[in-house]
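Those protein sequence lines, which keep their order, are chains A and B.
Note that full-length UniProt numbering numbers the first sequence so that position 181 is 181, with each residue one more than the last.
Note that full-length UniProt numbering numbers the second sequence so that position 123 is 123, with each residue one more than the last.
Beta carbons are placed, not taken as given, at the ideal position from N, Cα and C, and that holds for glycine.
A short write-up of the structure that comes next.
There are 2 protein chains.
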Amino acid sequence: MKKIINSPEAVVNEMCLGMERAHPDYLVFDPKYRVLSRKQPDKSKVCLISGGGSGHEPAHGGFVGKGMLDAAVCGDVFASPSTVQVYNAIVNNKTDKGTLLIIKNYTGDKLNFEAAAEMAQEDDDIAVEKVYVEDDVAVKNSLYTVGRRGVAGTVFVHKIAGAAAETGLELPQVKRIAEKVAENVRSIGFALTSCTVPAKGTPTFTLAEDELEFGVGIHGEPGVERKKITGSDDLAQKLLDMILEDMPLVRGEKAALMINGLGATPLQELYILNNSAGKILDQHGIKVYRTFVGNYMTAIDMAGASISLLKLDDETMAYLDSPADTPAFGLL
Amino acid sequence: MKKIINSPEAVVNEMCLGMERAHPDYLVFDPKYRVLSRKQPDKSKVCLISGGGSGHEPAHGGFVGKGMLDAAVCGDVFASPSTVQVYNAIVNNKTDKGTLLIIKNYTGDKLNFEAAAEMAQEDDDIAVEKVYVEDDVAVKNSLYTVGRRGVAGTVFVHKIAGAAAETGLELPQVKRIAEKVAENVRSIGFALTSCTVPAKGTPTFTLAEDELEFGVGIHGEPGVERKKITGSDDLAQKLLDMILEDMPLVRGEKAALMINGLGATPLQELYILNNSAGKILDQHGIKVYRTFVGNYMTAIDMAGASISLLKLDDETMAYLDSPADTPAFGLL
Chain A
1 MKKIINSPEA
11 VVNEMCLGME
21 RAHPDYLVFD
31 PKYRVLSRKQ
41 PDKSKVCLIS
51 GGGSGHEPAH
61 GGFVGKGMLD
71 AAVCGDVFAS
81 PSTVQVYNAI
91 VNNKTDKGTL
101 LIIKNYTGDK
111 LNFEAAAEMA
121 QEDDDIAVEK
131 VYVEDDVAVK
141 NSLYTVGRRG
151 VAGTVFVHKI
161 AGAAAETGLE
171 LPQVKRIAEK
181 VAENVRSIGF
191 ALTSCTVPAK
201 GTPTFTLAED
211 ELEFGVGIHG
221 EPGVERKKIT
231 GSDDLAQKLL
241 DMILEDMPLV
251 RGEKAALMIN
261 GLGATPLQEL
271 YILNNSAGKI
281 LDQHGIKVYR
291 TFVGNYMTAI
301 DMAGASISLL
311 KLDDETMAYL
321 DSPADTPAFG
331 LL
Chain B
1 MKKIINSPEA
11 VVNEMCLGME
21 RAHPDYLVFD
31 PKYRVLSRKQ
41 PDKSKVCLIS
51 GGGSGHEPAH
61 GGFVGKGMLD
71 AAVCGDVFAS
81 PSTVQVYNAI
91 VNNKTDKGTL
101 LIIKNYTGDK
111 LNFEAAAEMA
121 QEDDDIAVEK
131 VYVEDDVAVK
141 NSLYTVGRRG
151 VAGTVFVHKI
161 AGAAAETGLE
171 LPQVKRIAEK
181 VAENVRSIGF
191 ALTSCTVPAK
201 GTPTFTLAED
211 ELEFGVGIHG
221 EPGVERKKIT
231 GSDDLAQKLL
241 DMILEDMPLV
251 RGEKAALMIN
261 GLGATPLQEL
271 YILNNSAGKI
281 LDQHGIKVYR
291 TFVGNYMTAI
301 DMAGASISLL
311 KLDDETMAYL
321 DSPADTPAFG
331 LL
């Protein structure tokens with residue numbers, strides 16, 4: 001295993017400390033419950049909390065900051081944070097307007113975030129609402145999931161619900177907007193190589209030199225099929241076909257596009273894939289309103305990428321355009 | 001070769017088109033001379049042009065925008081842009097205040113940028129100045145270099161000279177500030193894996209499973225030695241020892257720190273390395289004024305990282321703090 005780490009056990013803590021050191025004006029790290037919170041909390045707005053297993057950096061700590069999340073709860077690599085972690089994140093970041101939990105649809109995350117929400121409501125009288133993200137069109141009922149998996153589209157929920165919360169909207173309104181984003185975003189990814197979980201030390205799966213895993217999950221879960229590697233244009237076509245089959249867009253509709261690297265993919269290739277995707281969306285007459293290319297929701301050191309498409313309306317477009325200032329997502 | 005491309009020949013053009021598509025408010029791509037320029041040029045300031053071989057994404061096109069570069073000239077992968085390319089970049093982006101070329105110290109880049117500067121001065125009467133960056137403390141007289149190599153520290157030159165130019169300073173002043181940054185920045189990197197140049201299709205070098213190349217160049221040039229992989233703390237110590245031996249900082253001095261991924265390194269590991277580096281700088285009493293963690297100057301798909309340290313004074317600190325708004329570098 002070739003990794004820049006000190007020991008597998010120390011990965012999550014040292015990574016969070018490294019994030020806090022890099023972004024001292026943005027983040028405070030609570031090592032006891034492994035929560036990254038805003039350095040300057042705003043108690044007058046709805047609190048947005050997300051998180052999940054680590055290994056998806058910059059998600060979720062990189063999206064803590066003005067215009068996006070208030071706190072991110074960090075589980076072990078590819079493992080949900082515990083109920084106690086999430087509960088303490090809710091209590092320690094509570095505001096006057098209640099809390100919205102943004103949960104990627106994995107069985108472990110659901111259980112722990114829901115139990116924590118119940119505790120915070122019953123014991124501490126905090127209003128807690130939940131929104132689930134299940135944007136991955138590749139497969140249903142996967143390794144850790146009943147239903148669809150939550151992947152990179154989650155970042156759009158953080159951004160748009162975060163902007164809505166920042167304007168001072170009440171909890172039901174922020175929840176409604178977050179749900180609208182979750183309902184209108186679709187993603188699908190592929191892997192050229194497996195990731196290596198530090199504690200295991202060997203790749204999760206193996207691909208031949210000319211093979212890719214089409215529809216892979218962000219924990220290395222199996223996808224739809226193994227394919228021979230083809231060109232970027234062909235790959236983008238197959239990915240977008242699956243997205244647009246699931247969520248048809250008519251000519252003239254507007255969408256936000258995310259070309260997300262899975263951890264070990266150079267920006268060179270992500271931009272080439274973006275060019276391929278853009279040409280196809282042009283052919284469909286779909287207007288790409290904003291594009292995001294980079295590492296947003298990774299699978300540790302997996303080579304590969306995902307495409308997310310968010311269908312926009314006037315409301316979500318306006319919130320997408322609002323400023324955001326976080327370690328991994330800035331919009332002036 | 002596992003890459004998301006259509007063909008090796010199309011890599012640079014399609015990547016630049018993909019950048020333009022992703023950032024239409026920031027960038028315009030001239031496919032004839034392969035130049036990425038600002039969408040909204042400002043003719044009242046000194047023009048800053050950089051560039052070099054492709055394969056270092058987001059460098060250099062990602063740093064074109066307000067507060068940084070005016071244009072980036074894109075060579076083939078790991079090959080200098082031609083004199084004609086650079087000359088046209090200078091002519092097509094000329095402003096009322098002259099042009100500063102920011103050149104990484106490689107033999108090919110120096111030759112072509114210098115010849116282009118001469119042509120633009122003689123034929124078009126454009127005042128052109130040059131600054132050279134040679135921040136890599138690993139080796140002297142490398143594969144493509146007489147003297148030291150220019151690596152990730154170049155991004156600090158873009159940032160700080162860019163901020164100075166934005167205030168309306170004259171060419172000699174902007175050059176002086178760019179040179180001050182170049183003189184006060186040091187970098188060193190290491191590789192866990194080789195990069196693969198698309199046109200070649202196979203890795204440039206091979207490392208054993210437990211080996212790293214210490215002092216590697218951003219084109220896969222050999223470093224100081226091959227070492228057994230150790231922990232992140234130990235690695236950061238060795239890297240910073242070489243930097244601080246070359247550029248001693250006394251207790252209380254301020255520095256900007258960059259933990260730069262070489263293309264295939266997950267953010268998880270970069271943040272762990274940042275934590276290691278931060279602890280060591282704390283011990284030295286060096287105040288880390290700002291930290292940048294991410295992919296800034298890559299070597300295609302190399303796994304590995306570099307550390308850059310920039311010694312700051314009041315002037316460079318102020319320009320480092322100025323806002324920047326580019327595809328790959330934003331500062332509010």
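Given a cut-off of 7 Å, decide if residue j and residue i are closer than it, judged by their beta-carbon atoms.
{"i": "V146 of chain A", "j": "D136 of chain A", "result": "no"}
{"i": "V91 of chain B", "j": "V73 of chain B", "result": "no"}
{"i": "S28 of chain B", "j": "G55 of chain B", "result": "Just to set this straight, residue 28 of chain B is Val in the shown sequence, not Ser. The answer is no: Cβ separation not under 7 Å."}
{"i": "N141 of chain B", "j": "L17 of chain A", "result": "no"}
{"i": "S308 of chain B", "j": "G75 of chain B", "result": "no"}
{"i": "A89 of chain B", "j": "V35 of chain B", "result": "yes"}
{"i": "Q268 of chain B", "j": "M15 of chain A", "result": "yes"}
{"i": "I229 of chain B", "j": "D210 of chain B", "result": "yes"}
{"i": "V103 of chain A", "j": "D96 of chain A", "result": "For the sequence presented, residue 103 of chain A should be read as Ile rather than Val. No, the pair does not count as a contact, with Cβ atoms beyond the cut-off."}
{"i": "L143 of chain B", "j": "E221 of chain B", "result": "yes"}
{"i": "A163 of chain B", "j": "S322 of chain B", "result": "yes"}
{"i": "M1 of chain A", "j": "G201 of chain A", "result": "yes"}
{"i": "F156 of chain B", "j": "V128 of chain B", "result": "no"}
{"i": "I259 of chain B", "j": "L273 of chain B", "result": "yes"}
{"i": "P198 of chain A", "j": "P327 of chain A", "result": "no"}
{"i": "A191 of chain B", "j": "V216 of chain B", "result": "yes"}
{"i": "P203 of chain B", "j": "D301 of chain A", "result": "no"}
{"i": "G278 of chain A", "j": "N6 of chain B", "result": "no"}
{"i": "G67 of chain A", "j": "E166 of chain A", "result": "yes"}
{"i": "C47 of chain A", "j": "T83 of chain A", "result": "no"}
{"i": "T193 of chain A", "j": "A303 of chain A", "result": "yes"}
{"i": "L212 of chain B", "j": "K227 of chain B", "result": "yes"}
How close, in whole Å, do the beta carbons of residue i and residue j come, if the pair is a contact with beta carbons under 8 Å?
{"i": "I49 of chain B", "j": "L101 of chain B", "result": "5 Å"}
{"i": "G294 of chain B", "j": "G261 of chain B", "result": "6 Å"}
{"i": "I188 of chain A", "j": "L239 of chain A", "result": "5 Å"}
{"i": "Y271 of chain A", "j": "A22 of chain B", "result": "7 Å"}
{"i": "I177 of chain A", "j": "E315 of chain A", "result": "7 Å"}
{"i": "K175 of chain A", "j": "V131 of chain A", "result": "6 Å"}
{"i": "V64 of chain A", "j": "Y33 of chain A", "result": "Between Y33 of chain A and V64 of chain A the Cβ distance is about 14 Å, and since that is not below 8 Å, they are no contact."}
{"i": "G51 of chain A", "j": "P81 of chain A", "result": "6 Å"}
Assign residue i to one of two classes, buried (16 or more other C-beta atoms within 10 Å of its C-beta) or exposed (fewer than that).
{"i": "P172 of chain B", "result": "exposed"}
{"i": "L310 of chain B", "result": "buried"}
{"i": "L331 of chain A", "result": "buried"}
{"i": "L111 of chain A", "result": "exposed"}
{"i": "A116 of chain B", "result": "buried"}
{"i": "E134 of chain B", "result": "buried"}
{"i": "V250 of chain B", "result": "exposed"}
{"i": "D70 of chain A", "result": "buried"}
{"i": "K94 of chain B", "result": "buried"}
{"i": "D123 of chain A", "result": "exposed"}
{"i": "T206 of chain B", "result": "exposed"}
Consider the C-beta atom of residue i and the heavy atoms of the ligand NAP; say whether any pair is separated by less than 6 Å.
{"i": "L171 of chain B", "result": "As for the ligand NAP, it is missing from this structure, which has no ligand bound."}
Exercise. Which ranges does the beta strand (DSSP E) cover as unbroken runs of at least 3 residues, wholly within the region 195 to 237 of chain B, from first to last along the chain?
Worked result: 211 to 214 and 225 to 228
Exercise. When you check each C-beta in the region 227 to 247 of chain B against every C-beta of chain A, which residues fall closer than 7 Å?
Worked result: Those residues of the region 227 to 247 of chain B that come within reach of chain A (Cβ to Cβ, closer than 7 Å) are I229, G231, S232, D233 and L235.
For this session: Mind checking the region 260 to 293 of chain A against chain B and listing, in chain order, the residues whose C-beta falls within less than 8 Å of any C-beta there?
Result: G263, A264, T265, P266, L267, Q268, E269, L270, Y271, I272, L273, N274, N275, S276, G278, V288, T291, F292 and V293
Exercise. When you check each C-beta in the region 12 to 29 of chain B against every C-beta of chain E, which residues fall closer than 7 Å?
Worked result: The chain labelled as chain E is not found among the protein chains of the depicted structure, namely A and B.
Exercise. Residues in the region 36 to 63 of chain A with C-beta within 8 Å of chain B's C-beta atoms, listed in sequence order?
Worked result: S54, G55, E57, P58 and G62
Exercise. Which ranges does the beta strand (DSSP E) cover as unbroken runs of at least 3 residues, wholly within the region 225 to 299 of chain B, from first to last along the chain?
Worked result: 225 to 228, 254 to 261 and 287 to 294
For this session: Would you list, in sequence order, the uninterrupted beta strand (DSSP E) runs of no fewer than 3 residues that lie entirely inside the region 18 to 51 of chain A?
Result: 27 to 30 and 35 to 38
Exercise. If contact means a Cβ-Cβ distance below 8 Å, which residues of the region 150 to 165 of chain A contact chain B?
Worked result: Per Cβ criterion, the list is empty.
For this session: Give the residues from the region 123 to 147 of chain B that approach chain A closer than 7 Å (Cβ to any Cβ), ordered along the chain.
Result: none
Problem set entry | In chain order, each alpha helix (DSSP H) run of at least 4 residues that lies wholly inside the region 48 to 90 of chain B | none
For this session: Using a Cβ-Cβ cut-off of less than 7 Å, give me the residues of the region 297 to 312 of chain B that come near chain A, in sequence order.
Result: T298, I300, D301, A303 and A305
Exercise. Which residues, in order along the region 88 to 117 of chain B, keep a beta-carbon less than 8 Å from a beta-carbon of chain A?
Worked result: Within the region 88 to 117 of chain B, not one residue has a Cβ closer than 8 Å to any Cβ of chain A.
Exercise. Given a limit of 8 Å on CB to CB distance, which residues of the region 169 to 200 of chain A reach chain B?
Worked result: L192 and T193
Problem set entry | Ordered list of alpha helix (DSSP H) runs contained in the region 79 to 148 of chain A, each at least 4 residues | 83 to 92 and 107 to 124
Exercise. Taking any Cβ of chain B, which residues in the region 68 to 79 of chain A have a Cβ under 9 Å from it, in chain order?
Worked result: The region 68 to 79 of chain A vs chain B, Cβ under 9 Å: V77.
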